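> My questions will all concern the structure given below.
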Amino acid sequence: MSEAYRARNIGDPVAKQRAATFLGMTLTSTAALAAATDTHCPYCSLQCGMRLGGPTADAPVEVLERPDFPVNRGALCGKGRSAPALLARDVRLTGPLLRDHPGGPLRSAGWPEALDRVAAGLARVRAEHGPDAVGVFGGGGLTNEKAYLLGKFARVVLGTANIDYNGRFCMSSAAAAHRRAFGLDRGLPFPLEDIPHTGCLVLVGANPAETMPPAVRYFRELRETGGTLIVVDPRRTRTAELADLHLQPRPGGDLALALGLLHLVVADGLVDEEFVARRTTGFEQARASAMAHWPDRVERITGVPVHRLREAARLFGEAETGMVLTARGPEQHSKGTDTVGAWIDLCLATGKAGRPYSGYGCLTGQGNGQGGREHGQKADQLPGYRSIEDPAAREHVAAVWGVDPATIPGPGKSAYELLDGLGEPGGVKALLLAGSNPAVSAPNAGHVTERLRSLDLLVVADLVLSETARLADVVLPVTQWAEEDGTTTNLEGRVILRRRALDPPEGVRSELWVLRELAARLGVPEGFPADGFPVEAEQAFDELRRASAGGDADYAGISYARIAAEDGVFWPCPAEDHPGTRRLFLDRFATPDGRARFAAVTHRPADEEPDAAYPLYLTTGRVLSQYQSGAQTRRVAELNAAAPGPYVEMHPRLAERLGIADGEPVAVTSRRGRAVAPARITDAIRPDTVFMPFHWAGAGRANSLTNPALDPVSRMPEFKLCAVRVEPAQKEATP
Amino acid sequence: MTPRIAVVGGGMAAARFAERYGALGGPGTVTVYGAEPRAPYNRVLLAEVLTGRYDAESIALPLGGATARPGCEVVALDPAARTLRLADGTVEEWDELVLATGANPVLPPVRGLRRTDGYGLAEGVHTLRTLEDCARLAEDAVGARRAVVIGGGVLGVSAARALAALGVRTEIIHQAPYLIERQLDAEAAEVLRERLRTLGVDCYTGNRARAVHGGEKVGAVELANGYRLDCDLVVLACGTRPRTALAHAAGLPVATGVLVDDGLSVAPHVYAVGDCAEHRGTVHGLAGPAWEQADVLARRLSGAEPDARYPGTRPRARLSTGGLEYAAFGTVDETLDPGLDVLRLTDATRGSYKKLVLRGDRLVGAILLGDLATVDALAGAFADDGALAGHPLHLLTGGTAMTGVAR
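Residue numbers (the working numbering), protein chains in the order written: chain A, 1 to 735; chain B, 1001 to 1407.
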């Protein structure tokens, strides 16, 4: 362990001792620095660097600036700053909970009893219904170590094919399109610091001003240095307000829009012929697709006037360098993979990929959205972003695990399919769920909640009693960010290190410990190594490195010491003397022939378009002061004060037609359910569309309405678009 | 057995059907028989191929997994035997037949259009329906000084604009009192005419061409009023007529077009889509409705939605080419009905004209010309059956909330 690493690390006993001496005292900044732990925010995929000092009068740690970390250079949003509120004992779980019989209350229990109950329940279901009746549902917020061992636990101990995670609801469409085009899926192929240097940036269905505020600095810098920002969003978001040009298509229009821009790039002679010839394949088919999307037709499909399309095509096509970044807006559709493919086509046709300051990227969502999808908690993958169907991959991973390759199950069900089948014949009967809250965040959440209730055994590991945990038979309280070591991989593909700054409460354990204990109770295959489920994160990471070696997401050369010393290491990093890969594809793309592949795609309607009975679009999204299902942020007073509850955003003309006043409760109804929330009237939204944030449970749960139609490739549900009708709630209530 | 689907005609509707059928996972094999020597392309873009904005090669359309048989003209159909015969005498079998034969340009009753031997058009006289037409016209336009376009509808205006862009002084002769009279009103047409004038196109409306003079090579067009326009080129843009001869000869029901029901069915196992089809008394002759029909038929025949129905297409006219921009919806002539009101905004300086036709608080028609900022809001209002909330002025000014380039 290097000296530099030791000095920055609160795990060091000396530093810890020093921290303890400040208990109860007001810290000076010098003192804070001396006792500080350098770590990262528990929330989004930026994984902003932060420094934890403290304790303070209100919390056991205090969030301080960490100005030397390059991603955020000290800046934090309200979510990150208020994260210590979740360390308080009264908002979190501090001991296991058990339900003695269905419908009974959750009661406190000791760890041995809870673990015995879980192991016995899983074993019974496995014995009665076979291993695939036991399922695992993970999360994109789990560290790489947890995600890796959860996947290993599912395949080795449970022997089930059915493990998937909520990242399926997050980045899966971009991931699929990325792999199809470039042969590799990493959120950004370049570091964030490249963004201000590009000529023209197109943000498609991304609202970083609310979802990752510290990133906004890069967009501002871009404009200050003369670059152009184009934002595509059906709403005039805070991000759209920063733009030079805002295109406001109707929901579901992004695929046609991208093809329309590609069409104009062809028409206006802005194709980079040399690049297309040298570094790509399939242009002619993509061009033919674009020819089927001529400007008048695209205007008709998207609602974006032709002159705006021309302006956007010219700005992007004529720029020397350019980037397209997508987020959930274009991705969470039953055509999400094709939509992202079309935006990648636009980059490829104009030579804006695989070159400095150019390329396509995805703004991943969850804290470890990137790493969480690389190491084996996805139904079809093994660590290192390997395919579970590839014999060589199975052999490699089996060797690291010390098992027979033949015992590793094949691909399982995707997230929604897994949830949809819970308790059904042939479906999962016992589910182990970690780091996710599908009772709020899954599409068609009313139905999913019913499915969760129908399980023989639901085990939830979480730090708070989420809506999903409330449904569980066993709730296991687990450690959170400031209480554990572990790596995450941010949207840049930068592997970073979270450090333990304080001890968890007495009754709280890490997921790694839980997995080891369960493995011990359930039994492991003969010959399985004794330390096959390490409790120390660094030991787990070292095994992950070996498992990922040679895969697409190769972490072999990354160590805790290097991460600390280098402000994170970018994968792929195949050897300890390899510098890591900050910028991908500069020489070649990761396809067998080194060329990027155009996608030949065509606009198609959403699974459910508005009609006479459900005449409006509903689109869903996020607000600044809440995060995902709200399980964490809804427990923080200052965040609730800023964003107290759900609402239905609608245009004043729509409100007038429906006879709805600002603040009045409105009922939103789809074919799947109903939600009630106050109207928020603004001309920032299209008159044919209403918007609801999805962070809340209960009557205002947006996901009661959403459509679980899946993308055929990525299995992403259509969160961003369904057909609804809207009426004043009082009027509707009186028959 | 894998169903064999024969598509007769290789135009836009054919391409769309083939592509969608494949994309929807249709189990059959699709063969597209086209008389033209090349695989389907986007005909909407021809005027801009003429200006050189698009290469002829670059406007090919996707076909999915279908087999294109360009240069294979179908000359006879036998719906009972489920066969078709090609020009070379080959007989091919099919299980389902899709007629997408399109339309032919209408030749107006003007003397001297044809060659003296009666075959084909006289030298210098052109239509603009195919890429071959386009190539010939482009070749002729090199070195031409003056052109006359007979017909002032959308195609005539687009063709004239394209010729002017190539440096050929161009005149439009149009029989109706004003340009594009099916979609615009007189005031809009006047603004358009002014715009055309600045682009190098003059218009003679309320005039009819009587004869084309010149012998071997066209030299002038004589108008009904005796006036003579000297020219090296004539382009005929007098509309199109559905190609129904094959269907007619096969005993299939034909009126103006091949008659289809809401399922686009003509007879058992025979369907028609696009410019050749007549649905509820309407032959659309536009790419938008043709594609909607092709989409519906692909959903039916692929099995994705066997009961899909084509409900018809609301008329919506749109031109957005080389400095000419307009959109027209619904009923634009308020003089037809005393119950209609009009809201109009004209800006001569910026060359824009905008008009709403209203019945009470419902929108029944609209024209936007020169300034299309509110085109999306208007389309939205029409999608809502014209129901309006509040004052409709927002449909003429502002548009949906879109910022321009700020710097």
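Cβ coordinates follow ideal geometry from the N, Cα and C atoms, glycine included.
None of these values were measured; they are calculated from a predicted model.
In the segment 1356–1407 of chain B, which residue ranges form an unbroken alpha helix (DSSP H) of at least 4 residues, counting only runs that do not cross its ends?
1375–1383
> If you measure from the beta carbon of Y1204 (chain B) to each beta carbon in chain A, is any gap under 9 Å?
As a position in the second sequence, residue 1204 (chain B) is number 204, starting the count at 1. For Y1204 (chain B), no CB of chain A lies under 9 Å from its own CB, so it is not counted at the interface with that chain.
> Let me know the beta strand (DSSP E) ranges lying completely inside the segment 587–664 of chain A, each 3 residues or longer, listed in chain order.
Given a length threshold of 3 residues, each whole run of the beta strand (DSSP E) inside the segment 587–664 of chain A is given here in chain order: 616–621 and 648–650.
> Can you give me the start and stop residues for the alpha helix (DSSP H) that A520 (chain A) sits inside?
Position 520 of the first sequence, counted from the start, is the residue given in the question as residue 520 (chain A). Per DSSP, the continuous alpha helix (DSSP H) segment holding A520 (chain A) begins and ends at E511 to L522.
> Measuring CB to CB, does A1056 (chain B) end up less than 9 Å from C1134 (chain B)?
In the second sequence, residue 1056 (chain B) corresponds to position 56, counting from 1. In the second sequence, residue 1134 (chain B) corresponds to position 134, counting from 1. In this structure, C1134 (chain B) lies closer than 9 Å to A1056 (chain B) by Cβ.
> Of all the options B:G1065, B:L1131, B:D1095 and B:L1061, which has the alpha carbon lying nearest to the alpha carbon of E1036 (chain B)?
The residue labelled residue 1036 (chain B) in the question sits at position 36 within the second sequence. Per the Cα distances, B:L1131.
> Check the Cβ-Cβ distances between S1320 (chain B) and every residue of chain A, and say whether any is below 9 Å.
Here the question's residue 1320 (chain B) lines up with position 320 in the second sequence. Yes, because at least one Cβ of chain A sits closer than 9 Å to the Cβ of S1320 (chain B).
> Just to confirm, is the Cβ distance from T56 (chain A) to R622 (chain A) under 9 Å?
Reading the first sequence from its first residue, position 56 is the one you call residue 56 (chain A). Reading the first sequence from its first residue, position 622 is the one you call residue 622 (chain A). Against a cut-off of 9 Å, the Cβ pair of R622 (chain A) and T56 (chain A) comes out as no contact.
> Where do the N-terminal and C-terminal ends of the beta strand (DSSP E) with S1320 (chain B) fall, by residue?
The residue given as residue 1320 (chain B) occupies position 320 in the second sequence. R1316 to T1321 is the span of the beta strand (DSSP E), which, as asked, contains S1320 (chain B).
> Please look up how many angstroms separate the CB atoms of P383 (chain A) and L544 (chain A), rounded, as I've assumed it's under 8 Å.
For this step, residue 383 (chain A) is matched to residue 383 along the first sequence. For this step, residue 544 (chain A) is matched to residue 544 along the first sequence. Confirmed, Cβ separation roughly 6 Å.
> Threshold first: 3 residues or longer. Then list the beta strand (DSSP E) segments lying entirely within the segment 1029–1070 of chain B, N to C.
1029–1033 and 1067–1069
> Would you list the residues sitting across from D1202 (chain B) in a DSSP beta bridge?
Here residue 1202 (chain B) corresponds to residue number 202 of the second sequence, with the count starting at 1. D1202 (chain B) is bridged to B:E1171.
> Does the CB of D607 (chain A) have a neighbour CB from chain B at under 9 Å?
Taking the first residue of the first sequence as position 1, residue 607 (chain A) is located at position 607. No, D607 (chain A) lies away from the interface with chain B (no Cβ there is under 9 Å from its Cβ).
> Which same chain residues end up closer than 8 Å to E311 (chain A) when comparing Cβ atoms and leaving out the 5 residues on each side of it in sequence?
Within the first sequence, residue 311 (chain A) is the residue found at index 311, counting from 1. Closer than 8 Å at Cβ, skipping near neighbours: L245.
> Thinking C-alpha only, which one of A:I563, A:E331 and A:E417 is nearest T488 (chain A)?
Residue numbering aside, residue 488 (chain A) sits at position 488 when the first sequence is read from its first letter. That would be A:I563, whose Cα lies nearest to the Cα of T488 (chain A).
> Using only alpha-carbon positions, find the residue among A:V726, A:A684, A:D542 and A:T689 that is nearest to L236 (chain A).
To locate residue 236 (chain A), count along the first sequence from 1; it is residue 236. Sequence inspection shows Arg at residue 236 (chain A); the Leu mentioned does not correspond to that position. Closest option to R236 (chain A), Cα to Cα, is A:A684.
> Which term fits P234 (chain A), buried or exposed, when burial requires 16 or more other beta carbons within 10 angstroms of its beta carbon?
For this step, residue 234 (chain A) is matched to residue 234 along the first sequence. P234 (chain A) comes out buried.
> Would you say Q366 (chain A) reaches chain B, if we count a Cβ-Cβ gap shorter than 9 Å as a contact?
In the first sequence, residue 366 (chain A) corresponds to position 366, counting from 1. It does not: the Cβ of Q366 (chain A) has no partner Cβ on chain B nearer than 9 Å.
> Which value, in whole angstroms, describes the spacing of the CA atoms of S559 (chain A) and D542 (chain A)?
The residue you call residue 559 (chain A) lines up with position 559 of the first sequence. The residue you call residue 542 (chain A) lines up with position 542 of the first sequence. Those two C-alpha atoms are separated by around 7 Å.
> Quick check on the DSSP output: the beta strand (DSSP E) that includes T37 (chain A) runs from which residue to which?
In the first sequence, residue 37 (chain A) corresponds to position 37, counting from 1. Its beta strand (DSSP E) spans residues T37 to H40.
> Sort A:E536, A:H101, A:L431 and A:R386 by Cα distance to L457 (chain A) and report the nearest one.
Position 457 of the first sequence, counted from the first residue, corresponds to residue 457 (chain A). When only C-alpha atoms are compared, the closest one is A:L431.
> Run through chain A and tell me which residues come within less than 8 Å of I1059 (chain B), C-beta to C-beta.
If you number the second sequence from 1, residue 1059 (chain B) lands on position 59. Neighbours of I1059 (chain B) on chain A, chain order: M291.
> List, in order along the chain, the chain A residues whose C-beta lies closer than 7 Å to that of L1045 (chain B)?
Indexing the second sequence from 1 puts residue 1045 (chain B) at position 45. Here the neighbours are W294.
> Determine whether the Cβ of V690 (chain A) lies closer than 9 Å to any Cβ atom of chain B.
Within the first sequence, residue 690 (chain A) is the residue found at index 690, counting from 1. Not closer than 9 Å to any Cβ of chain B, the Cβ of V690 (chain A) fails to qualify, so no.
> Sort A:L46, A:C48 and A:E62 by Cα distance to A35 (chain A) and report the nearest one.
Residue 35 (chain A) sits at position 35 when you count from the first residue of the first sequence. It is A:E62 whose Cα lies nearest to the Cα of A35 (chain A).
> Does any residue of chain A have a CB that is nearer than 9 Å to the CB of E1305 (chain B)?
Here residue 1305 (chain B) corresponds to residue number 305 of the second sequence, with the count starting at 1. It does not; no Cβ of chain A falls within 9 Å.
> For the segment 603–633 of chain A, which residues have a beta carbon sitting closer than 7 Å to at least one beta carbon of chain B?
none
> Determine the chain A residues that contact R1053 (chain B) at a beta-carbon separation under 7 Å, and present them in chain order.
Within the second sequence, the letter at position 53 stands for residue 1053 (chain B). Here the neighbours are A267.
> Starting from M1012 (chain B), trace the alpha helix (DSSP H) in both directions and tell me its first and last residue.
Within the second sequence, residue 1012 (chain B) is the residue found at index 12, counting from 1. Segment M1012 to A1023, the alpha helix (DSSP H) holding M1012 (chain B).
> In chain A, what lies closer than 9 Å to D1036 (chain B) by C-beta?
For the purposes of this step, residue 1036 (chain B) is taken as residue 36 along the second sequence, with counting starting at 1. Asp is not the amino acid found at residue 1036 (chain B); the sequence shown has Glu there. Residues of chain A passing the Cβ test: none, with the nearest at roughly 16 Å.
> Nearest to Q248 (chain A) by alpha carbon, out of A:A679, A:G557 and A:L309?
Counting from one through the first sequence, the residue named residue 248 (chain A) turns up at place 248. The residue with the shortest Cα to Cα distance from Q248 (chain A) is A:L309.
> With 8 Å as the C-beta to C-beta threshold (strictly closer), list the residues of the segment 1333–1351 of chain B near chain D in chain order.
Within the model displayed, chain D is absent; protein chains A and B are what it includes.
> Tell me whether A1249 (chain B) is buried or exposed, calling it buried when 16 or more other Cβ atoms sit within 10 Å of its Cβ.
The sequence position of residue 1249 (chain B) within the second sequence is 249, counting from 1. So A1249 (chain B) ends up on the exposed side.
> When you compare each of B:E1073, B:R1210, B:P1311 and B:G1064 to G1112 (chain B) by their alpha carbons, which one comes out closest?
Residue mapping note: residue 1112 (chain B) aligns to position 112 of the second sequence, counting from 1. The shortest Cα separation from G1112 (chain B) among B:E1073, B:R1210, B:P1311 and B:G1064 belongs to B:R1210.
> So is D577 (chain A) buried or exposed if we call it buried at 16+ other beta carbons inside 10 Å?
By one-based count along the first sequence, residue 577 (chain A) stands at place 577. With fewer than 16 other Cβ atoms from the protein chains shown falling within 10 Å of its own Cβ, D577 (chain A) counts as exposed.
> Compile a chain-ordered list of the residues in the segment 1003–1027 of chain B whose CB is closer than 7 Å to at least one CB of chain A.
Of all residues in the segment 1003–1027 of chain B, the ones placed with a Cβ closer than 7 Å to any Cβ belonging to chain A are E1019 and A1023, in chain order.
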